[in-house]
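Heads up: the structure comes next, in structure tokens.
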Amino acid sequence: MMPEIALNVLDIAQNSVRAEASLIQISVDVDKAADKLTIIIEDNGCGMTAEQTDRVTDPFFTTRTTRKIGLGVPFFKMAAESTGGSFSIQSEPGVGTKVTAVFGLSHIDRMPLGDMNGTIYTLITFNTQIDFLYTYTFDQRSFTLDTREFKNILEGVPLNNPEVSEYIRQFLNENSHEVDGGAVV
Amino acid sequence: MKSLAELKAIRDRMQGEVNMREDDSSNHIRVVVGMATCGIASGARPVLNKLAEDVQAKHLDNVIVTQTGCIGLCQYEPIVEVYEPGKEKVTYIKMTPEKADEVVEQHLIRGQVLGKYTLSATNL
Numbered sequence: 001m002m003p004e005i006a007l008n009v010l011d012i013a014q015n016s017v018r019a020e021a022s023l024i025q026i027s028v029d030v031d032k033a034a035d036k037l038t039i040i041i042e043d044n045g046c047g048m049t050a051e052q053t054d055r056v057t058d059p060f061f062t063t064r065t066t067r068k069i070g071l072g073v074p075f076f077k078m079a080a081e082s083t084g085g086s087f088s089i090q091s092e093p094g095v096g097t098k099v100t101a102v103f104g105l106s107h108i109d110r111m112p113l114g115d116m117n118g119t120i121y122t123l124i125t126f127n128t129q130i131d132f133l134y135t136y137t138f139d140q141r142s143f144t145l146d147t148r149e150f151k152n153i154l155e156g157v158p159l160n161n162p163e164v165s166e167y168i169r170q171f172l173n174e175n176s177h178e179v180d181g182g183a184v185v
Numbered sequence: 001m002k003s004l005a006e007l008k009a010i011r012d013r014m015q016g017e018v019n020m021r022e023d024d025s026s027n028h029i030r031v032v033v034g035m036a037t038c039g040i041a042s043g044a045r046p047v048l049n050k051l052a053e054d055v056q057a058k059h060l061d062n063v064i065v066t067q068t069g070c071i072g073l074c075q076y077e078p079i080v081e082v083y084e085p086g087k088e089k090v091t092y093i094k095m096t097p098e099k100a101d102e103v104v105e106q107h108l109i110r111g112q113v114l115g116k117y118t119l120s121a122t123n124l
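So the sequence lines, in the order shown, correspond to chains A and B.
Okay, so the first sequence: first residue is 1 according to the UniProt record's numbering, each after it adds one.
Okay, so the second sequence: first residue is 1 according to the UniProt record's numbering, each after it adds one.
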């Protein structure tokens, strides 16, 4: 098990990186009125066949050859379903994959969201060739980070340039604080 | 909301410097962090970020910090591998951000391998 949901997101997004996506969209929506926490990770990578999609939630299935198990997706599914939530994967070869996990927000078994900004920061600065669109919503208020927008402004200055990555860290921290008032989710 | 004008200012400041570091990468030290499910679950994210931060803060322009998938030694994660041209690979196991600091200071800067944290110091 992962100690926080943000690490599951990092793990699942690594699958999108391996699927050679050029755009990964991540959305985190905290909705207290509906008592739900919804996470969506969507990519335009190589996608999976219907058979692979069916089997990917099976811990004893992996396309990899280094070992015989693949726990990333099963962990995420179990974490969501154990809070009365739901989990789904839609995928099409050549189109991409969309993973949706819904958690019961106030459920006692829901692990903390954790350092979501740290996850997004890691993904952006270590995969500068991929574009990320991150949306964080807290009770209908939201902010968006679009690396395509950043790259347009930066005109070739890389996202992992120390000053730029520091800007990204602050952008995430300040804007998420503005949206959720520093609430611990 | 944080303004994009700040990003424009960074761009203007950086554009002069950007292309100066296009030298060949054959002499670079590569520091690789395992970031598969096993690595992430045991704490690889803070280790990776710490290494990158230290390398930037100390201006180690000859060091590249990157990530990889499962190295196949899940029980020893978080694992950090250091590849130095002309030398044998060094595998650090059960890493933490604090140990990462030491590796940067002793190994990457001074060239002293921290034997006590390596895989070869473990009874397999």
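We put the beta carbon where it would ideally sit given N, CA and C, even for glycine.
Contact set between residue i and chain A, taken where Cβ atoms lie within less than 8 angstroms
i	result
residue 49 of chain B	118, 121 and 122
residue 100 of chain B	The contacting residues do not exist; residue 100 of chain B stays about 14 angstroms from chain A at best.
Simplified DSSP state of residue i, which is helix, strand or coil
i	result
residue 148 of chain A	helix
residue 176 of chain A	helix
residue 126 of chain A	helix
residue 88 of chain A	strand
residue 75 of chain B	helix
residue 103 of chain A	strand
residue 37 of chain A	strand
residue 81 of chain B	strand
residue 62 of chain A	coil
residue 37 of chain B	helix
residue 49 of chain A	coil
residue 119 of chain A	helix
Neighbouring residues, chain B, relative to residue i (Cβ below 9 angstroms)
i	result
residue 85 of chain A	Correct list: empty, because the minimum Cβ distance to chain B is about 20 angstroms.
residue 167 of chain A	2, 6, 7 and 10
residue 113 of chain A	Per Cβ cutoff of 9 angstroms: no residues; residue 113 of chain A is ~14 angstroms from chain B at best.
residue 52 of chain A	By Cβ distance, chain B contributes nothing, its closest Cβ being about 17 angstroms from residue 52 of chain A, past 9 angstroms.
residue 45 of chain A	Result: empty, since nearest Cβ-Cβ is about 15 angstroms, beyond 9 angstroms.
Residue i versus the options, residue with shortest Cα-Cα distance
i	options	result
residue 137 of chain A	A:94, A:1 and A:40	A:40
residue 75 of chain B	B:84, B:93 and B:59	B:93
residue 119 of chain B	B:111, B:97 and B:88	B:88
residue 69 of chain B	A:86, A:139 and A:18	A:18
residue 20 of chain A	A:128, A:179 and A:165	A:128
residue 153 of chain B	A:167, A:180, A:120 and A:3	This structure cannot settle anything about residue 153 of chain B, because the visible part of chain B is limited to 1 through 124.
residue 80 of chain A	A:109, A:48 and A:56	A:109
residue 3 of chain B	A:158, A:117, A:181 and A:150	A:150
residue 43 of chain B	B:100, B:110 and B:115	B:100
residue 114 of chain B	B:86, B:80 and B:85	B:80
residue 14 of chain A	A:159, A:130, A:34 and A:60	A:130
Bridge-paired residues (DSSP) for residue i
i	result
residue 64 of chain B	B:30
residue 133 of chain A	A:25 and A:146
residue 43 of chain A	A:24 and A:97
residue 30 of chain A	A:37 and A:138
residue 90 of chain B	B:82
Contact list for residue i against chain A, beta-carbon separation under 9 angstroms
i	result
residue 108 of chain B	Those within 9 angstroms of residue 108 of chain B in chain A number zero; the least Cβ separation is about 16 angstroms.
residue 95 of chain B	Going along chain A, no residue has its Cβ under 9 angstroms from residue 95 of chain B, so there is no contact; the nearest lies around 15 angstroms.
Buried or exposed by the 16-neighbour rule on C-beta atoms within 10 Å, applied to residue i
i	result
residue 144 of chain A	exposed
residue 72 of chain B	exposed
residue 107 of chain B	buried
residue 95 of chain A	exposed
residue 152 of chain A	exposed
residue 91 of chain B	buried
residue 112 of chain B	exposed
residue 11 of chain B	buried
Contact list for residue i against chain B, beta-carbon separation under 8 angstroms
i	result
residue 157 of chain A	10, 11, 14, 15 and 18
residue 180 of chain A	Residues of chain B passing the Cβ test: none, with the nearest at roughly 13 angstroms.
Contacts of residue i in chain A (Cβ-Cβ under 7 angstroms)
i	result
residue 29 of chain B	The contacting residues do not exist; residue 29 of chain B stays about 17 angstroms from chain A at best.
residue 67 of chain B	126
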